[in-house]
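Protein chains in written order, with our numbering: chain A, 661 to 937; chain B, 853 to 1100. Below: the structure, in structure tokens.
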Amino acid sequence: MLPHGVAPLDGSYDVNGTSRFWRVLAPALVGVGFLGGWEAAVRLAGVPPYVLPGPLLIAETLVKDGPSLLGALLVTLRITVAALAVAIVVGGALAILFAQSRLLEMSLFPYAVILQVTPVVAIAPLIIIWVNNVFAALLVCATIVAFFPIVANTTLGLNSADRNLVDLFRLHAASRWQMLWLLRLPSALPLFLAGVRISGGLALIGAVVAEFVAGTGGAETGLASRIIEAGYRLEIPRMFAALFLLSLTGIAIFAVLSWLSRRLLRHWHESALEPSD
Amino acid sequence: MAETLVAAVALAKSFRNGIAALSSVDLAVSRGEFVGVLGPSGCGKSTLLRILAGLAEPTAGRLERTSDLVGRIGFVFQEPTLMPWATVWDNVYLPLRLHGVARDAAAPRIAAMLDSLGLGEFVRAYPRQLSGGMRMRVSIARALVTEPALLLLDEPFAALDEITRFKLNEDLRALWLKLRCTIVFVTHSVFESVFLSNRIVVMTQRPGRIVADLAVDLPETRDNALRLMERYAECCRTVSRRLTEAMT
């Protein structure tokens, strides 16, 4: 798909016409075709539902089990949103700290990278042992997964303010605070928002992975626990229904963050301009 | 002779990578002057301007500046260098804001400055909505709004089309007559330097040195009609000759 507001070279672009129509219809047709093929294959080959349920059965299960799954989704979502919020605050603060001192950035950045490349599955058991509160333990895990794109992107953004504007601020004897608030932070906003968009998805993944490691114990458990339970009981349609809810949540998070990003940048940034401009 | 506002004495600058940008530049700028600095690309003109502004340090020689110049320098870059996230008004307000002037107190000055540069209708526009020439006008308004004692311009019109450039030349000259600030204008265009300046210094190829210091004998008030006059053409010929000499 072409980026927003880019006309294809063959000249077929029409703001109100065919292009927008196909942009919705083409992927929809692929989806319907895929689901139809799946249903047909399952029926014709007589695959039992505990191996591979058809989409219709999954939809049925989703309606039937919806309320109980929705409760679990809410638990997962709470961890995801909290982790994203902590990642934004901690990641943003770290990036601002890095922008103040090159030495600090050089000293700490490698450790942020180490934290990022360590698989969360490997450290989650430790964190769950160390942190007594289950919610807090899951929150820590999800935050570790989510915070790196925000640190990396925001640091890059803070350091890529226009050199001439930096000179102009120096010429007028701007304070460190003015330089940060009036120049570096706005310059970093587009990259920060791109980081937040990536982190939103990662926070969800981190929350689910941590739930998997934490297992099914406890009173309030998230979607991952439902998936594990369903797996134990060979309730495969229910498993698929939970998976479907998870992807839907991921897509919704991405859509909300993209909308927020476009809204905040619409006046000035290339990425958020309307096609008519 | 008016008081010297800023003076470079045997100024030299080489960069860390070993490139010598300036070698022994002597230049005294008096209060109220309009000095054009003319030279080929890469002759160190911009470096000289940055040193005059205090944005770069010379490696040898010294810079003498009167004390009232502190915080009273305006700078216009080659590109408009506006903040894309801020409106025209906020861009022009920036230097006043950095000096701690409240929005209300700044408003009349900003309005007057925007009007005098023909930007009255674009107060709420964002830079991306403006043409290149308009953006440069905003940049000049931002430099002038602090009523600087010294205005430094670094090839500000080089990227503009000729018609826009001629108009901006006219307007800048008129603004200088009105405000009577001191201007140092760096350019590689003979025609532009002659049209604008009262005095032209010619620089050699890198490492830059000043090889000619010429008075421009043209009327104070100048408009585009001047470009057709024999006196203007004669001036351009003289300056061109000196520039050619400087490059060989």
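Quick reminder that beta carbons are idealized off the backbone N, C-alpha and C, glycines included. Given the structure is predicted, the values throughout are model-derived calculations rather than measurements.
| Query | Result |
| --- | --- |
| Burial state of A667(A) (16 or more Cβ within 10 Å) | For A667(A), the pLDDT reaches just 45, beneath the cut-off of 50, and the residue's location in the model is therefore unreliable, leaving the point undetermined. |
| Sequence-distant residues of its chain with Cβ nearer than 6 Å to T815(A) (five each side left out) | A755, F758 |
| Any C-beta of chain B under 8 Å from that of P785(A) | no |
| Residue of G923(B), T899(B), L1066(B) minimising C-alpha distance to V1054(B) | L1066(B) |
| Within chain B, partners of W928(A) - CB distance below 7 Å | P936, W937, Y978, R980 |
| Test: F852(A) CB closer than 8 Å to a CB of chain B | no |
| Partners in chain A for G923(B), counting only beta-carbon separations shorter than 9 Å | L831, H832, A833 |
| Sequence-distant residues of the same chain with beta carbon closer than 8 Å to I896(A), five excluded per side | P709, Y710, V711, L712, P713, A890 |
| Contact the region 878 to 889 of chain B vs the region 1032 to 1050 of chain B: 3+ CB pairs below 8 Å | yes |
| Within chain B, partners of P846(A) - CB distance below 9 Å | M935, P936, W937, A938 |
| Contact with chain A by H1040(B), beta-carbon distance below 8 Å | no |
| Beta-carbon spacing of P947(B), V997(B) below 8 Å | yes |
| Sub-8 Å separation of F872(A) and A884(A) beta-carbons | yes |
| Beta-carbon spacing of L1128(B), G952(B) below 8 Å | Absent from the model: residue 1128(B). The displayed extent of chain B is 853 to 1100, so no value can be given. |
| Cut-off 8 Å between Cβ atoms - residues of its own chain near L925(A), not counting five sequence neighbours on either side | L849, P850, L853, S931, A932 |
| Range covered by the beta strand (DSSP E) that runs through F867(B) | Run containing F867(B): none; DSSP gives neither H nor E here. |
| Alpha helix (DSSP H) segments (min. 4 residues) lying fully within the region 901 to 984 of chain B | 940 to 950, 955 to 968 |
| Listed by chain order, chain B residues near Q838(A) by CB distance under 9 Å | R949, L950 |
| CB contact check: F827(B) to chain A, cutoff 8 Å | Coverage of chain B is limited to positions 853 through 1100, which leaves residue 827(B) absent and any answer about it impossible. |
| is_contact[N824(A), chain B] using C-beta, thresh 8 Å | yes |
| Segment contact, 8 Å Cβ cut-off, at least three pairs: the region 898 to 915 of chain A with the region 855 to 865 of chain A | yes |
| Proximal chain B residues relative to D827(A), where beta-carbon distance stays under 9 Å | R902, A905, L907, F927, F929, T933 |
| Three CB pairs or more closer than 8 Å across the region 1007 to 1023 of chain B and the region 979 to 991 of chain B | yes |
| Exposure of M935(B), with buried meaning 16 or more beta-carbon neighbours within 10 Å | buried |
| Same chain, Cβ closer than 7 Å to A747(A), five either side skipped, listed in chain order | T803, A806, F807, I810, S859, A863 |
| V887(B) - containing beta strand (DSSP E), residue span | 886 to 890 |
| Pick from R844(A), R830(A), G751(A) that is closest to A908(B), judged by C-alpha positions | R830(A) |
| Between the CA atoms of A782(A) and A912(B) - distance to the nearest angstrom | 59 Å |
| Integer Cβ distance of V1068(B) from V1046(B), believed to fall under 8 Å | 6 Å |
| Residue-level contact to chain B via CB, R923(A), 8 Å cutoff | no |
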